Amino acid sequence: MLKVNGIDVFYGNIHALKGVSLEINEGEIVTLIGANGAGKSTLLKTLSGLLKPKSGSIEYLGSSISGKAPQSIVKSGISHVPEGRRVFANMSVEENLELGAYLRKDSKEIKKDIQSVYELFPRLEERRKQLSGTLSGGEQQMLAMGRAIMAKPKLLLLDEPSMGLAPLMVKTIFQIIEKINQDGTTILLVEQNANMALSVADRAYVIETGRVEISGTAAELQASEEIKKAYLGGL
């Protein structure tokens, strides 16, 4: 579904991604784990068109998307839930969801899909007219995910969905990630909580200082002593 071949990405003079290659197959949950500043968020921003690779290629469903504009990447079926949620604070929950569908023209289907988001996130329906800036962190994360789903993505990029959330809310968010995947959406998940990420993922890549250092099935990485020591709290 998605093939990243040897991409290099720079922030000014900083070489943020160094020859990164990875592959995501349809229907999978793939997770990227690594320390802060390793390049995980940079990779998601590059896949969604917010950053341009200096070299290498990105293929999605057999076509190149390297250097394409973000809106055309959304149109092709990739949605990005950024780190920090980034909901529109002065707009209601429902207005945020409607904005997620801004490239779509099928207004009847949009209404149906808003209802589907409310079924997935009942708490959002209770707060549909509430300003998004007044929601709790967990509710804002639900809204950011719901807004991304409104674009009807085939591939969902999730950047740190559990950041700053209470343990019970983290559990809820990960259950919803699994449900979204079971409903047919492929997921690339960036997550500091490596234990939770590996518990839901099919495969994983470990990024260190801009390079992919280790890859394998989630079970292989969970069993690796090296990974346990570095990312799983030595469990």
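Residue numbers for the sequence shown follow our numbering, so the first one is 4 and each next one is one higher. Cβ atoms here follow ideal geometry from the backbone N, Cα and C, with glycine treated the same way. For clarity, every value in this text was computed on a predicted model and none was experimentally measured.
Where do the ends of the alpha helix (DSSP H) carrying Asp116 lie? Taking the sequence shown and counting its residues from 1, one reaches residue 116 at position 113. Taken as a continuous stretch (DSSP letters only), the alpha helix (DSSP H) holding Asp116 covers Ser110 to Leu123.
Could you check what DSSP says for Ala19 in three-state terms: helix, strand or coil? Within the sequence shown, residue 19 is the residue found at index 16, counting from 1. In the three-state reduction of the DSSP assignment, Ala19 falls in the strand class, which pools E and B.
Using the rule of at least 16 other Cβ atoms within 10 Å of the residue's Cβ for burial, across every protein chain shown, is Thr189 buried or exposed? For the purposes of this step, residue 189 is taken as the residue at position 186 of the sequence shown. So Thr189 ends up on the buried side.
Own chain, CB closer than 7 Å to Tyr121, minus 5 neighbours either side, in chain order: One-based indexing of the sequence shown puts residue 121 at position 118. Closer than 7 Å at Cβ, skipping near neighbours: Leu127 and Glu128.
According to DSSP, is Tyr234 part of a helix, a strand, or is it coil? Along the sequence shown, one-based indexing puts residue 234 at 231. Tyr234 carries a helical assignment under DSSP once its states are collapsed to helix, strand and coil.
Report back the beta-carbon spacing between Gly9 and Gly30 to the nearest angstrom; my notes put them in contact at under 8 Å. As a position in the sequence shown, residue 9 is number 6, starting the count at 1. As a position in the sequence shown, residue 30 is number 27, starting the count at 1. Going by Cβ atoms, the distance from Gly9 to Gly30 rounds to 25 Å, so no, they are not a contact pair.
Just list the residues that DSSP pairs Asp186 with in beta bridges. As a first step, residue 186 is located in the sequence shown; it is residue number 183 there, counting from the start. Asp186 is not bridged to any residue.
What did DSSP end up calling Gly9 once you bin it into helix, strand or coil? On the sequence shown, position 6 is the one that residue 9 refers to. Three-state DSSP puts Gly9 in a strand.
Within 7 Å, strictly: CB atoms of Ala204 and Ala226: Locating residue 204 in the sequence shown gives position 201, where the first residue counts as 1. Locating residue 226 in the sequence shown gives position 223, where the first residue counts as 1. No.
Separation of Ala207 from Ile36, as counted between CA atoms: Here residue 36 refers to the residue found at position 33 when the sequence shown is read from its first residue. Here residue 207 refers to the residue found at position 204 when the sequence shown is read from its first residue. Per the coordinates, the alpha-carbon of Ile36 lies some 7 Å from the alpha-carbon of Ala207.
Taking only the alpha-carbon atoms, compute the straight-line gap between Leu238 and Glu211 and give it to the nearest angstrom. In the sequence shown, counting from the first residue as 1, residue 238 sits at position 235. In the sequence shown, counting from the first residue as 1, residue 211 sits at position 208. At Leu238, the pLDDT of 46 sits below 50, so the modelled position is not reliable; the number obtained from the coordinates is stated separately. In a straight line, the C-alpha of Leu238 is about 20 Å away from that of Glu211.
Roughly how many whole angstroms lie between the Cα atoms of Pro85 and Leu46? Locating residue 85 in the sequence shown gives position 82, counting from the first residue. Locating residue 46 in the sequence shown gives position 43, counting from the first residue. Rounded to whole angstroms, Pro85 to Leu46 spans 12 Å at the Cα level.
Should Gly80 and Met153 be called a contact, given that it needs their Cβ atoms to be closer than 7 Å? Within the sequence shown, numbered from 1, the residue matching residue 80 stands at position 77. Within the sequence shown, numbered from 1, the residue matching residue 153 stands at position 150. Not a contact, by the Cβ cut-off of 7 Å.
Would you list, in sequence order, the uninterrupted beta strand (DSSP E) runs of no fewer than 3 residues that lie entirely inside the stretch 30-76? Whole beta strand (DSSP E) segments, 3+ residues: 32-36 and 58-63.
Would you be able to state if there are at least three C-beta pairs under 8 Å between the stretch 135-153 and the stretch 91-111? Contact holds: three or more Cβ-Cβ distances are below 8 Å.
May I ask you to report which of helix, strand or coil DSSP gives Ala207? Counted from its first residue, the sequence shown places residue 207 at position 204. Note: Ala207 maps to strand in three-state DSSP.
Measure the CB-CB distance between Pro73 and Ser51 and report whether it falls below 7 Å. The count along the sequence shown starts at 1 and reaches residue 73 at position 70. The count along the sequence shown starts at 1 and reaches residue 51 at position 48. Their beta carbons are under 7 Å apart, which means Pro73 touches Ser51 by this criterion.
Start and end of the alpha helix (DSSP H) containing Arg150? On the sequence shown, position 147 is the one that residue 150 refers to. Counting along the chain, the alpha helix (DSSP H) containing Arg150 begins and ends at Gly140 to Ile152.
Between the C-alpha atoms of Met166 and Leu64, what's the straight-line distance to the nearest angstrom? Position 163 of the sequence shown, counting from 1, holds the residue named residue 166. Position 61 of the sequence shown, counting from 1, holds the residue named residue 64. Roughly 30 Å separates the two Cα atoms.
Pick from Asn39, Ser202, Lys57 and Gln195 that is closest to Gly15, judged by C-alpha positions: Residue mapping note: residue 15 aligns to position 12 of the sequence shown, counting from 1. That would be Lys57, whose Cα lies nearest to the Cα of Gly15.
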